[in-house]
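Take a look at the structure set out below.
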Amino acid sequence: MIMTLEEKQQDIIDEFAIYDDWMDKYEYIIELGKDLPLINEEKKTDNRLIEGCQSRVWLDSEVKEGKLFFTADSDAIITKGIIGLLIRVLNGETIENVATANLFFISKIGLQEHLSPTRANGLASMVKKIKMTALSSLSK
Amino acid sequence: MGFLIFVAAMIAKKTFNIEAIREDFPILHTSVNGRPLVYFDNGATSQKPKQVIEAIDNYYESENSNVHRGVHHLSQLATNKYEDARRTIQQYINAEHSEEIIFTKGTTDGLNMLAFSIGQTLEVGDEIIITEMEHHSNIVPWQMLCERSGCKLRVAPINSKGELKLDAFCSLLSDRTKVVSVTHISNTLGTINPIEEIIEASHRYGAVVIIDGAQSIQHMKIDVQTLDCDFYLFSGHKVFGPTGIGIVYGKKKIMEVLTPYQGGGDMIETVSFEKTTYNVLPYRFEAGTPNIAGAIALSRAIEYLNTLPLDEIEKYEKELQEYAQNELCKIDDVRIIGKASNKTSVVSFIVDGIHPFDIGTLLDKQGIAVRTGHHCTQPLMKIYGIPGTIRISLAFYNTKEEVDILINALKRSLQMLR
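Okay, structure coming up:
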């Protein structure tokens, strides 16, 4: 069964609902980060690098049959875990869906601080770049 | 009579009572993420005692007016308070004259002011010496000056322990050296620089010496006359005062001949379209309405410090830093960045194989405020070959118990991250 963007986000919200302690929540994010080999080493090039003040993020994307697929990585494991969640939600979505996606799950699971520009972990820039990628694919 | 002398001595003796001190800082009693706050980010900014917070409230409630320009009661009151604040700070750092104390926005503002005003006196080929451990604020204004004036920036190296190589520094000195601008204490490494030697050696070549005191004023007693530095700068917010206020101390005979940094109200004597003449010190360097509340609250912070036994506090902070450093060293893969034999209040470290950002995030979730990253010293991070550190920066209201909480929280974080 193919889940909608909303359903995929609700799925994550439900997964996180069982944790009421911050450390448990982060333990789960860290496991997600450890489990996911997200991007091929040879693709970790400067043109795919999103420089944050603290942690760095690499992002690659491709369009297959009108749908967007992302791979990404970070040198910080918490950042990597959150990237894993973002990719789970957005991968395989249509270009239009990605361009207009409302990523409400981030704040619902209490991680909105990671998307604030002051956090400087590259995630805010990553989401921006994902949307820009979708928009530029749309205009092609 | 003997008894009276004893009682007087007891009253005069300042005691270091950490519980009482912690009571003075309301924010220390707050919770973060459900845990009691452990605030170890004092190098970024210090917390404020209630006396300072009350001084700000009181100013806006019953003293607010503009300074130096009204005949009315409130303006006189604000002016008196503002000028009293200047004298409090003058006395605290033992400046010879009150007009040697200039109110600025902070250390960065002061360094930009000096780079501009001293810069006006420099010529192509003149040299400015800084060190490898400087904060960006003591690098970039000089680079900007060099770009516009053709001066040259020389950088004195450090050794692997994070100490200034004094010999190498001295070998950079020459007749071309016009400015030496060094940090007293490194914000990233905690290294205390031998500024007495630096000042003496630099003066032999006639160079002007600027001491960035942003990380030292809150940890030790400063006497600018004994040091004989030409300039000493600090920020109010790092010494238990408010943000947006700072100090440039500058020797009168040098300040008097420098070109003002900014033009505007208060810094002028007369203005006409043909020619403007400038006001006397300190006003010629204080264009526009100053941060009056900030200056008054900063002086209140200094008065607060005056009630504390500063020698004892200096010793306590050093002990606390050594305790934290020793406890951290007991944890596998922890590497201390900056092992100067003379250091205080700062412990920077990394854990091999783990990103500082991950550790900082997990410590925050356990109620502990540290700073991670390059600490505005990117060239220094490059020398160490690391992207950043986790920095614990202490104040006198911190305790060994808090260090223990940190150590346990760090151990738990590392278990999760490994």
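From first to last, the protein sequence lines are chains A and B. Using the numbering used here, the first residue of the first sequence is number -10, and each one after it goes up by one. Using the numbering used here, the first residue of the second sequence is number 65, and each one after it goes up by one. Glycine residues also receive a C-beta, built at the ideal position from the N, C-alpha and C atoms.
Just so you know, the alpha carbons of Ile117/B and Ala361/B end up roughly 8 Å apart. In the structure shown, Ala88/A falls within a helical segment according to DSSP collapsed to helix, strand and coil. Of all C-beta pairs linking the region 460 to 470 of chain B to the region 130 to 141 of chain B, fewer than three are shorter than 8 Å, placing the two stretches out of contact. When beta bridges are read from the DSSP output, Glu51/A appears opposite Phe58/A. At a cut-off of 7 Å between C-beta atoms, Ala6/A does not count as an interface residue with respect to chain B. In chain order, Ile360, Ala361 and Arg364 place their CB closer than 7 Å to the CB of Ala119/B, counting only its own chain and leaving out the 5 sequence neighbours on each side. For Thr143/B, the nearest beta carbon of chain A is not closer than 7 Å to its own beta carbon.
Around the CB of Val321/B, fewer than 16 other CB atoms lie within 10 Å, so the residue is classed as exposed. Within 7 Å of the CB of Ala65/A, the CB atoms of chain B belong to His419, Phe421 and Asp422, in sequence order along the chain.
For Met445/B, no chain A residue has a Cβ inside 8 Å of its Cβ, as the nearest lies near 12 Å away. Annotation: the continuous beta strand (DSSP E) that includes Val398/B extends over Val398 to Ile401. Inclusion of Ala123/A and Ile84/A in the CB contact set at 7 Å is warranted, their separation being smaller than that value. Chain A places a beta carbon closer than 7 Å to that of Asn97/B, counting this residue as a contact.
For the region 328 to 348 of chain B, no residue has a beta-carbon sitting nearer than 9 Å to a beta-carbon of chain A. With at least 16 other beta carbons inside 10 angstroms of its own, Phe349/B counts as buried.
In terms of beta-carbon proximity, Glu16/A lines the interface with chain B, with at least one pair separated by less than 7 Å. For Ser457/B, the uninterrupted beta strand (DSSP E) run begins and ends at Thr453 to Ser457, by DSSP. Taking 9 Å as the Cβ-Cβ cut-off, the region 42 to 53 of chain A approaches chain B at Cys42, Gln43, Ser44 and Arg45, given in chain order. Taking 7 Å as the cut-off, the beta carbon of Phe295/B is found no closer than this to the beta carbon of Gly310/B.
A direct Cα-Cα distance of roughly 23 Å separates Gly107/B from Ile418/B. Glu391/B is not a Cβ neighbour of Phe460/B, given a cutoff of 7 Å. Chain A places a beta carbon closer than 7 Å to that of Gly437/B, counting this residue as a contact.
Taking the C-beta atoms as reference points, Ala142/B is found nearer than 7 Å to Ile356/B. Spanning the alpha carbons of Glu(-4)/A and Asp49/A requires a straight line of approximately 24 Å.
As summarised for the region 146 to 178 of chain B, the continuous beta strand (DSSP E) elements at least 3 residues long and confined to that stretch are 165 to 168, given in chain order. Listed by position along chain B, the residues whose Cβ is nearer than 8 Å to that of Met12/A are Leu426, Lys429, Gln430, Arg476 and Met480.
Excluding residues up to 5 positions away in sequence, nothing lies with its Cβ nearer than 6 Å to the Cβ of Glu187/B in the same chain. Under DSSP, Pro100/B forms a beta bridge with Ser95/B. Around the beta carbon of Thr290/B, fewer than 16 other beta carbons sit within 10 angstroms, so the residue counts as exposed. For Ala65/A, no beta strand (DSSP E) encloses it, and the DSSP letter there is neither H nor E.
Considering only beta carbons, no part of the region 70 to 83 of chain A lies closer than 8 Å to chain B.
Membership of Arg218/B in any alpha helix (DSSP H) is not indicated; the residue belongs instead to the beta strand (DSSP E) covering Lys216 to Ala220. Here DSSP, grouped into helix, strand and coil, assigns Lys394/B to coil. Using a Cβ-Cβ cut-off of 7 Å, Ile19/A counts as an interface residue toward chain B, since at least one Cβ of chain B sits closer than that to its own.
Taking every protein chain shown into account, the CB of Gln140/B has fewer than 16 other CB atoms within 10 angstroms, so this residue is exposed.
At a beta-carbon threshold of 8 Å, the residues of chain A lying near Gly452/B are Gln43, ordered along the chain.
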